[in-house]
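What follows is a set of notes on a single structure, which appears directly below.
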Amino acid sequence: MAATPIVELDRVSFGYDAARPVLHEVSLSIEPGSVVGIMGQSGCGKTTMLRIIAGWLKAGAGRSTVLGEDLARLDDAQVFALRRRMGMLFQFGALFTDMTVFDNVAFQMREHTTLPEELLADLVAMKLEAVGLRGAAQLMPSSLSGGMARRVALARAIALDPQLMLYDEPFTGLDPISLGVIARLIRTLNDSLGQTSIVVSHDVEECFGIVDYVYFVSAGRIVAQGTPAELRRSSDAFVHQFVSGAPDGPIPFHYPAPAYVADLAGAGHG
Amino acid sequence: MADPAPNGLVRSLERLGNTATSKIWRLGFAARFFAYTLLHSGTAFRRFGLTIREIYFAGVLSLIIILVSGLFVGMVLGLQGYDTLQRYGSSEALGILVSLSLVRELGPVVAGLLFASRAGSAITAEIGLMKATEQIAAMEMMAVDPIARVVAPRFWAGVISMPLLAVLFSAMGIFGGYLVGVQLIGVDEGAFWSQMQASVDVREDILNGVIKSIVFGIAVTWIAVFEGYDAVPTAEGVSGATTRTVVTSSLAILALDFVLTALMFTGGNVR
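In the order they appear, the protein sequences are chains A and B.
Going by numbering that gives the first Met the number 0, the first residue of the first sequence is number 0, and it counts up by one from there.
Going by numbering that gives the first Met the number 0, the first residue of the second sequence is number 0, and it counts up by one from there.
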């Protein structure tokens with residue numbers, strides 16, 4: 000018998016207003032212990048999906064169940080309680096710039112627990128050691144490189160051992176070494192801490208290297224899904240274009256415009 | 000097109016309506032934000048260290064500008080006051096003029112204006128940048144309410160700092176008036192202090208001045224935290240919000256000062 004999914008979206012739709020739907024009847028199911036990629040172009044709705052899963056945005060229609068809770072039934076306090084079981088890595092880390100690395104990682108522990116400072120120091124050291132930055136504990140975020148900041152943010156996100164980790168574009172703007180480090184950390188932390196992870200990204204190679212399953216999103220719909228191996232073999236035109244990075248295909252290179260000839264003939268001569 | 004005027008008129012009316020609606024909506028949002036901040040102020044008092052830290056940034060770091068400005072305003076009052084009073088042969092009333100001007104009006108108002116531009120703008124910029132760099136979002140994601148953790152301590156720090164700064168401004172101003180009036184010009188020192196002591200009432204003058212500065216503190220800090228929290232999370236958004244904080248809170252101080260003065264000092268003489 001299959002385990003109960005950690006996250007389940009069932010025909011979830013969302014739009015900021017009726018004229019601009021962002022998600023349209025999205026369904027997905029994420030098994031415990033897996034690392035799942037949600038991939039698609041910028042603006043396709045993948046970050047919105049992540050925000051719905053985090054209880055940030057309320058789905059307009061459909062049913063979203065996260066860690067066994069039906070999100071539609073939760074009030075604000077219950078959403079906050081649920082979030083204590085989740086961690087999120089933001090695109091650029093979002094470290095608190097007025098605190099040291101140590102205080103950033105200790106933030107959640109101080110806010111949500113009454114642990115004595117000595118124990119807290121040990122826990123922070125363990126989290127920082129996991130991301131290889133124990134020696135940077137007393138630095139301020141402004142003196143960290145982009146990759147280091149992302150790793151500190153990762154240590155902060157796993158501070159309270161969340162069951163579900165959400166990664167919002169974790170690879171954006173990183174050099175190849177930092178990128179590889181973050182990718183490996185996502186996988187190893189997931190496996191060693193018994194988490195479940197969702198990685199929203201558009202970096203095909205990095206993402207395919209660490210995920211078990213991928214959902215492709217385009218214009219607010221899931222257009223393809225499968226394991227990385229299956230998707231590499233896929234004959235689906237969108238998947239092929241995305242994986243190979245082809246400039247033209249189902250996703251056109253050109254923004255919709257009147258016919259080129261008509262435009263040239265008409266513009267500036269009238 | 001036959002007659003474009005009605006369309007233009009309708010469009011202008013629509014724009015006017017939209018502007019009015021959005022302003023009223025924003026005012027309502029600011030009021031709800033204020034109420035929410037008050038309701039979630041528990042953390043700011045339970046963990047008073049958070050508020051103390053903000054008092055340092057908003058209050059202690061404003062001390063230099065407040066004290067220096069107070070000194071100069073008092074010195075100018077001394078010069079101008081003496082110049083006018085000596086025409087009527089009552090230059091020993093200089094102490095009264097300087098002290099009443101400061102504790103009733105200039106202390107709270109000028110300290111408020113300085114506080115708005117020094118601390119209010121800093122609060123808005125800090126919260127706005129925290130929003131722009133997703134620090135506020137990260138906090139929410141870590142199940143920590145940013146209003147309780149970020150906004151409320153800054154709000155209460157402002158409310159606590161403002162009257163203290165206004166009092167220091169007035170004290171420094173009186174000292175400035177004394178320096179110029181007594182030490183420089185040579186007004187009788189005994190008359191300067193004794194007339195001041197006899198004419199300045201603790202409840203009527205000093206307490207009312209402190210009440211004013213508390214009201215200004217609430218207004219300025221509310222505007223500053225709201226503008227920061229509501230800022231569009233971009234560079235232009237934060238800079239616009241910072242400007243709005245200084246402009247709106249300065250106008251609020253002047254308008255509130257008129258209302259408070261009318262309530263406090265007319266003594267029923269205005270019909």
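Even for Gly, the Cβ is constructed at its ideal location relative to N, Cα and C.
Bear in mind the structure is a predicted one, so any value in this text is a computation, not a measurement.
If you measure from the beta carbon of residue i to each beta carbon in chain B, is any gap under 9 Å?
i: F95 of chain A; result: yes
i: H201 of chain A; result: no
i: E204 of chain A; result: no
i: F89 of chain A; result: yes
i: A154 of chain A; result: no
i: M147 of chain A; result: no
i: H111 of chain A; result: yes
i: A105 of chain A; result: no
i: R183 of chain A; result: no
i: G86 of chain A; result: yes
i: F79 of chain A; result: yes
i: R72 of chain A; result: no
i: R150 of chain A; result: no
i: R83 of chain A; result: yes
i: F13 of chain A; result: no
Taking only beta-carbon atoms, is residue i less than 9 Å away from chain A?
i: R148 of chain B; result: yes
Mind checking who residue i pairs with in its DSSP beta bridge?
i: I252 of chain B; result: Its beta-bridge partners do not exist; DSSP assigns none.
i: T296 of chain A; result: Chain A is shown from 0 up to 269; residue 296 of chain A falls before or after that span and cannot be answered.
i: V158 of chain B; result: V158 of chain B is not bridged to any residue.
i: E68 of chain A; result: A:V65
i: P20 of chain A; result: A:G14
i: V25 of chain A; result: A:V11
i: L165 of chain A; result: A:M87 and A:I197
i: V213 of chain A; result: A:G36 and A:G225
i: A137 of chain B; result: None; A137 of chain B has no bridge partner.
i: R220 of chain A; result: A:S217
i: A271 of chain A; result: Nothing about residue 271 of chain A can be read from this structure; chain A reaches only from 0 to 269.
My assumption, with CB atoms under 8 Å, is that residue i sits in contact with residue j. Please give the rounded CB distance.
i: A142 of chain B; j: F79 of chain A; result: 4 Å
i: G73 of chain B; j: V97 of chain B; result: 6 Å
i: C206 of chain A; j: M48 of chain A; result: About 15 Å separates the two Cβ atoms, so there is no contact after all.
i: G77 of chain B; j: L93 of chain B; result: 7 Å
i: I159 of chain B; j: A223 of chain B; result: Going by Cβ atoms, the distance from I159 of chain B to A223 of chain B rounds to 14 Å, so no, they are not a contact pair.
i: G248 of chain A; j: A236 of chain A; result: 6 Å
i: L165 of chain A; j: I185 of chain A; result: 11 Å between Cβ atoms; not a contact.
i: N207 of chain B; j: R103 of chain B; result: 7 Å
i: A152 of chain A; j: L88 of chain A; result: 6 Å
i: I157 of chain A; j: L119 of chain A; result: That pair is no contact at about 15 Å.
i: L66 of chain A; j: R84 of chain A; result: 6 Å
i: A218 of chain B; j: A251 of chain B; result: 5 Å
Which of helix, strand or coil does DSSP assign to residue i?
i: G14 of chain A; result: strand
i: N17 of chain B; result: helix
i: E7 of chain A; result: strand
i: G269 of chain A; result: Residue placement at G269 of chain A is poorly supported in this model, since its pLDDT is 42, which falls under 50; the coordinates still yield a value, given next. Reduced to three states, the DSSP call for G269 of chain A is coil.
i: R46 of chain B; result: coil
i: I197 of chain A; result: strand
i: D262 of chain A; result: helix
i: A105 of chain A; result: helix
i: A234 of chain B; result: helix
i: M171 of chain B; result: helix
Within the present structure, is the beta-carbon of residue i separated from the nearest heavy atom of the ligand ATP by less than 8 Å?
i: M138 of chain B; result: Ligands are entirely absent from the displayed structure, and the ligand ATP is therefore not among its contents.
Item to complete: Give, in chain order, every residue of the region 122-146 of chain B whose Cβ lies closer than 7 Å to some Cβ of chain A.
Response: T132, E133, Q134, A136, A137, M140, M141, A142 and V143
Discussion item. For the region 35-63 of chain A, list every residue whose C-beta sits within 7 Å of some C-beta in chain B, in sequence order.
Written reply: A53
Worksheet item: For the region 160-179 of chain A, which residues have a CB atom closer than 7 Å to at least one CB atom of chain B, in sequence order?
Response: none
Worksheet entry | Contact set between the region 205-231 of chain A and chain B, restricted to residues whose Cβ is under 9 Å from the partner | none
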